[in-house]
């Protein structure tokens with residue numbers, strides 16, 4: 042038996058055409074169609090939720106979530122596949138039950154939502170994270186609340202997917218719900234699980250195929266078989282394509298081309314120069330919102346600010362014994378200088394460095410650990426070790442601000458085991474450990490003037506490898522640096538080459554020259570440059586250091602440190618730029634004796650920049666070049682000025698000629714290292730970044746009253762954690778390029794979605810509706826849009842005949858009698874008691890469409906785009 | 043969809059540059075490969091697809107639909123998300139129109155779409171289905187499949203059932219199957235009448251059986267086969283609109299059909315591709331054939347009044363028609379006067395369809411009988427009409 046499943050009519054003047062489609066009754070959709078829809082719904086829900094969960098790692102069993110996905114998908118598909126009467130009842134019951142459960146568990150669901158948001162924000166990389174942090178609604182069982190929220194969200198997703206795929210064949214609501222969830226994951230650089238991600242993409246392909254194969258008609262049931270087949274084939278094809286791509290990547294060992302990496306770096310470099318503050322300032326030029334950046338350090342960016350200001354807000358809470366001298370916390374390290382900024386090495390160089398480190402397999406020594414050559418001496422000597430702890434409240438999350446001379450195995454990082462500390466908008470990153478004072482072992486001049494060697498061949502060979510890397514990369518000077526001749530005059534060469542050093546020393550050793558160079562540079566900067574917080578912005582096109590040395594001659598710590606690094610490199614001393622925070626003795630209370638631990642609030646005023654130089658055989662050694670600090674001020678010693686002169690003079694300090702060797706025969710220090718990412722991980726789950734190793738030092742400590750617990754761990758790479766966090770797959774997106782590109786893409790997608798929605802709505806209201814008079818009104822509305830486009834007047838108070846005449850005379854598109862028919866039919870629909878017939882409506886619809894098509898055909902490209910995508914007339 | 047996919051590819055490319063994990067490359071590669079697989083499926087569909095178009099009849103009448111059946115068979119394992127059938131047709135005003143229908147096709151199945159075309163007026167409809175356009179699963183790519191179907195369907199007038207007495211004064215025609223009701227003849231096929239014997243009657247004609255019952259001899263009078271020399275003149279060009287044209291054609295076709303069925307040969311002055319010419323109709327097939335040619339010429343340029351006169355002047359010499367019937371919707375007094383003056387007919391009837399005849403014309407054309415009627419009421423109005 043055949044059934045007529047659609048009828049479409051057209052009427053042009055004296056001819057009517059009617060198209061009918063008949064299909065066999067037995068060809069209508071059956072159980073297989075429902076199963077296909079079920080597969081698509083399940084894939085979509087699974088892909089969405091598991092992509093998110095794999096990135097954000099909310100607590101709970103994945104198995105339970107999977108069961109919930111399958112159950113909810115099955116149930117919702119079943120409900121939306123029912124026949125009309127049953128469907129209405131079933132859907133009503135389902136929604137009622139859902140609403141009741143939602144109401145009953147509203148507190149838990151709210152708590153779970155905020156939990157999930159907090160976990161997401163905690164894992165994301167955003168300098169606005171603290172500002173956008175949401176206070177958690179306190180609950181007793183945060184993990185359970187989060188699970189409840191996730192389960193309810195799964196049910197809602199299943200409802201939306203089933204509605205879009207099974208019932209309405211409209212993927213717009215599905216897109217609205219599920220796409221932002223996945224975009225949130227990718228936006229902040231997370232990497233979702235591949236199966237979940239491809240399941241999501243394949244489901245979308247299937248949904249689009251289902252939608253494309255379903256004509257615009259309310260009576261869609263007869264098409265379900267064909268559309269389901271199209272959906273499943275598209276789903277399978279997308280899966281196959283992804284699998285093929287995956288196999289290609291695996292089998293060929295695909296590596297990202299260098300050109301793409303360079304493009305990525307250049308985009309990042311470009312975008313780093315643009316701050317969100319500047320963008321917002323530019324965008325709100327009429328009523329500018331001034332966002333004031335405070336503090337002297339800015340992740341290596343130089344000369345962007347005019348006068349340096351401070352807001353004195355606490356960025357770190359540090360607990361250390363009160364020092365006699367300035368205490369340094371090391372953060373950002375800049376190795377590459379680019380005219381107005383310091384940067385870390387590019388990815389290729391970092392890989393090279395890691396290879397050097399990985400290639401060395403002797404325990405106890407790590408070339409990347411700054412002062413690891415001292416470790417054995419530290420362990421064997423009976424020197425004091427001091428404890429420290431740091432809470433990062435408002436400083437950059439990209440770095441762990443660590444003191445120098447760490448005892449590696451002592452360092453522990455807090456792992457968050459519950460959510461109760463998410464309160465008050467504070468996101469806590471805590472770490473603690475021990476450090477020593479190297480001046481307990483060696484004096485300032487000893488460090489600078491002695492030739493350091495190692496008795497262990499393994500150590501020597503490792504250090505040789507690393508030393509080669511250091512000398513290859515940390516002596517590089519940019520072409521924009523042209524002011525070296527201002528400093529390295531004849532006076533310099535006379536000084537460092539003086540054969541008769543002060544004090545009667547006759548032999549000029551390499552290390553004496555080395556220390557003389559440092560002395561000269563430091564003195565030149567102090568004598569010729571002035572410390573000031575009001576150095577002004579770097580003029581466009583100028584080199585930061587050149588400008589400081591040759592023109593401005595005043596600046597803050599970043600000026601002095603940057604200039605010192607370049608001057609040291611010019612003098613043949615490998616050097617690099619460091620930013621961090623300093624704590625001075627007067628930051629402690631006066632009553633606290635030296636050596637007694639006290640917690641100090643470090644503000645943005647504590648931000649500072651200094652220099653590290655490389656001493657062969659010893660490692661990286663921090664030095665202070667900023668005017669106003671002690672001449673011998675370093676981050677690690679308490680030497681005084683006379684010792685610096687002694688070092689520069691080459692006087693025998695008692696051990697200058699002896700080679701202090703490092704005998705490192707083995708170490709109990711595990712070299713399982715952790716990467717230095719400053720992220721928190723949830724105990725029991727994996728870290729969000731795929732390449733993060735969360736082995737931590739074995740430190741246990743009491744809970745500190747805030748509910749934090751520590752966990753076991755192992756060794757620790759100081760250099761890595763001091764270095765900037767490994768670049769997330771996607772740079773922080775607050776930059777002009779991404780904003781503009783994102784806005785453009787969103788605009789295009791929005792226009793396409795709007796067009797799709799308008800046309801579909803028009804079809805439903807004008808073609809498929811049973812109310813013919815209403816449909817005529819909708820069609821007439823489109824006609825009026827056309828009149829507006831043609832700049833023709835509306836009917837207003839004119840009579841029908843006059844109006845038709847005026848239209849005919851005004852436009853050639855209205856002169857063939859078509860417009861007359863349209864207006865006549867519209868008037869009849871409005872005023873005639875008898876309803877219009879379907880044929881009259883069709884004639885009216887096609888008449889309007891014909892006029893639009895003719896006008897469209899005669900328009901230029903811009904007008905065509907306007908008609909098609911803005912007015913959506915065709 | 044093309045624009046959307048292009049935007050998606052661009053976004054994936056940007057994503058690939060900015061996102062360092064291999065996932066971005068996988069996504070980009072997948073989106074690049076995907077259209078090629080779709081193209082492959084589409085080509086398979088095209089190769090294994092067959093389209094068949096048939097029409098249920100070669101002609102139709104106005105107001106009645108003619109059906110075109112398009113059967114699309116998808117023999118491949120891949121469904122088709124959208125098969126766009128484009129039917130082009132010219133309406134009665136010779137304007138080309140297109141009719142689009144989109145249907146999905148499941149795998150290994152066939153669907154039939156029936157186009158029912160109904161013309162309100164007589165004329166010709168040209169239908170063609172040049173191609174069907176097949177889309178891939180997501181509507182990204184389309185490939186046309188050539189069908190190449192083309193058909194011209196004449197929309198003929200309606201022939202109503204009609205009966206009218208055939209009058210005398212007809213010429214003897216031995217081949218005619220119609221016998222005169224008024225005068226006897228020599229054709230033994232039919233007995234015209236029975237009468238008393240008169241001197242001179244042939245003995246063969248004596249009806250002996252009847253004569254034995256009566257006093258006197260009864261003679262059979264044989265019938266005379268006659269054929270009406272009827273000339274039909276449908277004046278389509280006096281019609282103001284298509285409705286009137288239809289009415290004229292309907293009645294003309296009705297009477298011509300009646301004559302054809304009675305095997306009464308008649309002639310028609312008609313306007314067709316060759317201009318105004320005289321056509322002899324001897325069978326129903328001739329009548330239909332002439333009708334088809336006439337409807338093709340409906341939209342042709344109207345001939346000048348002289349053309350009619352010229353056509354009449356070209357009638358065979360010494361032709362005298364027993365009856366000339368004109369079918370008009372507007373009185374053309376000059377032509378009718380010309381016909382009357384020519385004296386080529388014993389009777390002239392003018393069937394006016396929806397037109398008003400003036401008394402002046404009636405008085406002037408005294409030999410012409412006017413019948414004012416319409417298609418709806420001609421049964422009533424022509425009940426006294428005789429051919």
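Residue numbers (my numbering), protein chains in the order written: chain X, 42 to 915; chain H, 43 to 429.
Note that the Cβ used here is the ideal one computed from N, Cα and C, for glycine as well.
All figures in this text were calculated on a predicted structure; none of them were measured in a lab.
Restricting attention to H:191, H:198 and H:366, the CA atom closest to the CA of residue 131 of chain H is found in H:191. Interface with chain H (8 Å Cβ-Cβ cutoff): residue 268 of chain X is included.
Distances from the alpha-carbon of residue 333 of chain H to those of H:367, H:236, H:198 and H:287 put H:198 closest. In this structure residue 290 of chain H does not touch residue 365 of chain H by the C-beta definition: roughly 18 Å separates them, more than the 8 Å allowed.
When DSSP states are grouped into helix, strand and coil, residue 832 of chain X belongs to the coil group. Taking CB atoms only, residue 282 of chain X has a neighbour in chain H less than 8 Å away. Under the DSSP assignment, residue 387 of chain H falls in the beta strand (DSSP E) whose first and last residues are 387 to 395. Looking at the DSSP output, residue 319 of chain H bridges to H:312. Straight-line measurement puts the Cα of residue 289 of chain X at about 37 Å from the Cα of residue 509 of chain X. For residue 171 of chain H, the secondary structure class from DSSP, reduced to helix, strand or coil, is strand.
Here residue 320 of chain H is not near residue 329 of chain H, since their CB atoms are 8 Å or more apart. Residue contact check for residue 907 of chain X against chain H: no CB pair falls below 8 Å.
When the alpha-carbon of residue 87 of chain H is set against those of H:94, H:171, H:59 and H:118, the nearest one is in H:118.
The alpha-carbon separation between residue 782 of chain X and residue 364 of chain X amounts to approximately 51 Å. At least one C-beta of chain X is nearer than 8 Å to the C-beta of residue 180 of chain H.
When beta bridges are read from the DSSP output, residue 140 of chain H appears opposite H:130. For the stretch 242 to 257 of chain X, the set of residues with a beta-carbon nearer than 8 Å to any beta-carbon of chain H comprises 242, 246, 249, 250, 253, 254, 255 and 256, in chain order.
Close partners of residue 305 of chain X in chain H (Cβ separation under 8 Å): 59, 60 and 62. Nearest to residue 100 of chain H by alpha-carbon distance, out of H:110, H:92 and H:91, is H:110. Cβ atoms of residue 359 of chain X and residue 429 of chain X come within 8 Å of each other, at about 7 Å. Apart from sequence neighbours up to five positions away, the residues of its chain that approach residue 591 of chain X with a beta-carbon distance below 7 Å are 524 and 527, ordered along the chain. The beta-bridge partner set that DSSP reports for residue 92 of chain H consists of H:115. Rounded to whole angstroms, residue 97 of chain H and residue 169 of chain H show a C-alpha spacing of 10 Å. Between residue 307 of chain H and residue 331 of chain H, the CB-CB gap reaches or exceeds 8 Å.
When CB distances to chain H are screened at a threshold of 7 Å, the residues of the stretch 788 to 811 of chain X falling below it are 789, 790 and 793, in chain order. For residue 161 of chain X, the number of other beta carbons within 10 angstroms of its own is at least 16, and it is reported as buried.
8 Å or more divides the Cβ of residue 212 of chain X from the Cβ of residue 255 of chain X.
Exposed is the label assigned to residue 138 of chain X, since fewer than 16 other Cβ atoms lie within 10 Å of its Cβ.
Assignment of residue 109 of chain H by DSSP, reduced to helix, strand and coil, places it in the strand class.
Classified as buried, residue 93 of chain X has 16 or more neighbouring CB atoms from the shown chains inside 10 Å of its CB.
In terms of beta-carbon proximity, residue 227 of chain X lines the interface with chain H, with at least one pair separated by less than 8 Å. For residue 235 of chain X, the chain H residues whose Cβ falls inside 8 Å of its Cβ are 65 and 68, in order along the chain. Within its own chain, the residues whose Cβ lies closer than 7 Å to the Cβ of residue 158 of chain H, once the five positions on either side in sequence are excluded, are 107 and 109, listed in chain order.
Beta-carbon to beta-carbon, residue 69 of chain H and residue 305 of chain X are separated by about 16 Å, too far to satisfy the 8 Å threshold.
It is roughly 24 Å from the alpha-carbon of residue 130 of chain X to the alpha-carbon of residue 86 of chain X.
By the rule that beta-carbons nearer than 8 Å mark a contact, residue 271 of chain X touches chain H.
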